[in-house]
Amino acid sequence: MFESLSDKLKRTLKNLRGEGVLRPEHVDAALREIRLALLEADVNYKVAKDFIQSVREKAEGQQVWQELKPSEQVVKIVYDELVELLGGQSSRLVFTKTIPNVVMIVGLQGSGKTTSTGKIALWLAKNEGRKPLLLSTDVYRPAAREQLKVIAKATGQTIFELPETNDPLTLTREAYLHAQQTGYDTLLIDTAGRLHIDDQLMDELVQIKAATRPVEILFVADAMTGQDAVRSAEEFHRQVGITGVVLTKMDGDARGGAALSIKQVTGQPVKFVGVGEKYDALEPFYPDRISQRILGMGDVLSLIEEVQSKVDRTEAEEQLKKLQKNEFTLDDFRSQLRQVKKLGSFSKIMKLLPDQLLGGMGMPELNEEQSEQIEQELRRTEAIIGSMTPQERTDH
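Residue numbers (our numbering): 96 to 491.
Shown next, in the form of structure tokens:
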């Protein structure tokens, strides 16, 4: 996520820090490089231009913070403006006391809309304690409803089905009534997508919106498509009125232009990002944390949350006691390796740590190949332990 942009911005700001005396020409040169980095990341031209202008104005007219060097002040301004560009504060889903709260999931075909519907349902159940009901109104794409059914089963969620009808509005009304009568507090509607925006699609979405009065209309965009995603979001917002965006495939080679442009162009925030194929690979979008990652400041809060959600605390405490009593065995070590694997790839964990911390520990920045080598060694170590006898594993 943002790797190319992050590398360029970090290099530019590092050069700025290396200047003994910071002169206007140094700032101008840095801003030119930042502007080029933003455009290469497929950021909307006007958004990039406004961003640079805002940084320039604040850098020229800034108050002097005694505790910060001039170069650090520029870094702080870039960070603050980056947070603002990404939406300022994190934006959560808004729910009311009405039962059910309807969340419409809209977007073009192939953007990851159906998978995102399942991911959001799982996230709401796990993190918000809600009881979601899934519905597919995509009666046009072959096996679309079957796909959502498979996802619902895999995530342990409930799907509403009415095989005898192919009318999206009838499906919507019946699902709403069913949710109301059976206590489902959230109805997630996976609407039909198209390969391109057309009047029939928009008319259908407007009718579903009128019938259900949704609290949220989330536009799902493929981050890999860059400015095409931004233009589609803008058109959906103009015709339907979206309340937020879900960016998918942010773990891939996405340059980040969509995430950096979409809030400024549509006025609506990014609420979630898909960061993997697994159904729990969905994260709330935090502008401040993303900005910290981009500038190499790390994202320790996200790392802590990841550990809290995926590591067995009781088991970890027991292993700590064993370690203190000199009773730690190879079985315990293997268990710890498995706990670490739950957090994701080694490179993912490293990216959440500040560059300065890694530098202070004498650890160079790892590329994907080096990260894979480390993971292979960990798998090899686990396999060696697995090949031992129980007696050998319990010997400490």
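Note that beta-carbon positions come from the ideal geometry of N, C-alpha and C, so glycine has one too.
Exposure of residue i, with buried meaning 16 or more beta-carbon neighbours within 10 Å
i, result
"Asp137", "buried"
"Lys304", "buried"
"Tyr140", "exposed"
"Asp262", "exposed"
"Gly352", "buried"
"Ile479", "exposed"
"Gly182", "buried"
"Pro364", "buried"
"Gln387", "buried"
"Lys373", "exposed"
"Ala287", "buried"
"Ala238", "exposed"
"Ala143", "buried"
"Pro309", "buried"
"Val301", "exposed"
Own chain residues within Cβ distance below 7 Å of residue i, not counting five before or after
i, result
"Thr489", "Thr424 and Asp426"
"Glu269", "Leu257"
"Ser149", "Glu176"
"Leu104", "Ile129, Ala132, Ile389 and Leu390"
Min CB distance residue i to chain B below 9 Å
i, result
"Asp280", "The structure shown has no chain B; it contains just one protein chain."
Simplified DSSP assignment, three categories, for residue i
i, result
"Ala316", "strand"
"Leu453", "Note that Leu453 has pLDDT 49, beneath the 50 cutoff, so the model's placement of it is unreliable and the number below is only indicative. Residue state, collapsed to three classes: helix."
"Thr489", "helix"
"Gly352", "helix"
"Gly58", "Coverage of the chain is limited to positions 96 through 491, which leaves residue 58 absent and any answer about it impossible."
"Gly321", "coil"
"Leu377", "strand"
"Asp426", "helix"
"Glu372", "coil"
"Lys366", "strand"
"Asp137", "coil"
"Ile469", "helix"
8 Å CB neighbourhood of residue i in its chain, flanking five on each side removed
i, result
"Gly253", "Sequence check: residue 253 is Thr here, not Gly. Here the set comprises Pro227, Leu228, Leu229, Ala247 and Tyr279."
"Glu135", "Ser99, Leu100, Lys103 and Arg350"
"Asp407", "Gln434"
Proximal residues to residue i (C-beta, below 6 Å), its chain only, five neighbours per side dropped
i, result
"Leu493", "This structure does not reach residue 493, given that the chain is present from 96 up to 491, and the question cannot be answered."
"Ala240", "Per the sequence shown, the amino acid found at residue 240 is Arg instead of Ala. Correct list, in chain order: Ser231."
"Ile495", "Because the chain spans 96 through 491 in this model, residue 495 falls outside it and cannot be assessed."
"Trp218", "Leu377"
"Lys244", "Ile254"
"Val159", "Interpretation of Val159 is limited by its pLDDT of 43, a score under 50 that renders its predicted location unreliable; no figure is taken from the coordinates."
"Gln359", "Val142"
Contact belief for residue i with residue j at Cβ below 8 Å, rounded distance in angstroms
i, j, result
"Ile284", "Thr232", "6 Å"
"Thr267", "Thr307", "6 Å"
"Pro379", "Phe367", "6 Å"
With a floor of 4 residues, list each alpha helix (DSSP H) that falls wholly inside the stretch 148 to 217, ordered by position along the chain. 165 to 180
Runs of beta strand (DSSP E) lying entirely within the stretch 208 to 278, each at least 3 residues, in chain order: 227 to 231
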